[in-house]
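Undergrad: I am attaching a structure below and will ask some questions about it afterwards.
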Amino acid sequence: MESFFSGCCVIKATFIDPVPRRFLTVGRTYQVIEINGDWLRVVNDAGEPILYEMALFRLLDQAIPGTWHDDCDQTGFYAGPAEFAEPGLYEDYFDGVPETVEKFEAYRRREGWPPRVVVSNATH
């Protein structure tokens, strides 16, 4: 059975929710790097791969890139780059595990995405 998201192109989505969200710009198009049930992982304005509710976006592409791994089971639909399909990868990324951070950064460079923005939590 062919899924709603089948094919071989890059997936992009436009943020459409009118409620301001940190590191998302209304009307801006973002690179989708994972579909997990009703959630999309997008590279936000700070360059971070964050999960957001799919309802906040309008999908511009509905085809799964040929290099992605996809799966559908009792827990729902999952699709993302094959090299990121390992459990705990994003937890390791946010924990700063060097090998995982480099794996993501290499993918970012290969895809031509802008570098991550280091954001200070300090307020002035």
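Adding 5 to a residue's 1-based position in the sequence shown gives its number in this note's numbering. Virtual Cβ for every residue (Gly too), placed ideally from N, Cα, C. These numbers were taken from a predicted model, which means no experiment stands behind them.
In chain order, what residues of the same chain lie with their CB nearer than 6 Å to the CB of residue 37, ignoring the 5 residues before and after it?
TA: Closer than 6 Å at Cβ, skipping near neighbours: 16, 18, 45, 47.
Undergrad: Determine, using beta-carbon pairs with one atom in the stretch 102–112 and one in the stretch 66–75, whether at least three such pairs fall under 8 Å.
TA: No, the stretch 102–112 is not in contact with the stretch 66–75.
Undergrad: By Cβ distance, which residues of its chain are closer than 6 Å to residue 54, with the 5 residues on each side in sequence left out?
TA: Result list for residue 54: 38, 46, 48, in chain order.
Undergrad: Residue 107 by DSSP, collapsed to three states: which one?
TA: Helix.
Undergrad: Just reading off the alpha helix (DSSP H) that residue 75 is part of, what are its end residues?
TA: Looking at the DSSP string, residue 75 is not in any alpha helix (DSSP H); the run it does join, the beta strand (DSSP E), is 73–78.
Undergrad: Alpha carbon to alpha carbon, how far is residue 28 from residue 79?
TA: In a straight line, the C-alpha of residue 28 is about 32 Å away from that of residue 79.
Undergrad: Among the residues of its own chain, which have a CB less than 7 Å from the CB of residue 108, if the five just before and after it don't count?
TA: 88, listed in sequence order.
Undergrad: If I measure Cβ to Cβ from residue 25 and keep anything under 6 Å in the same chain, skipping five residues before and after, which residues do I get?
TA: Hits under 6 Å: none found.
Undergrad: What did DSSP end up calling residue 46 once you bin it into helix, strand or coil?
TA: Three-state result, residue 46: strand.
Undergrad: Among 43, 34, 57, which has the Cα closest to the Cα of residue 83?
TA: Residue 83 has its Cα closest to that of 43, out of 43, 34, 57.
Undergrad: For residue 21, name the three-state secondary structure that DSSP assigns.
TA: Coil.
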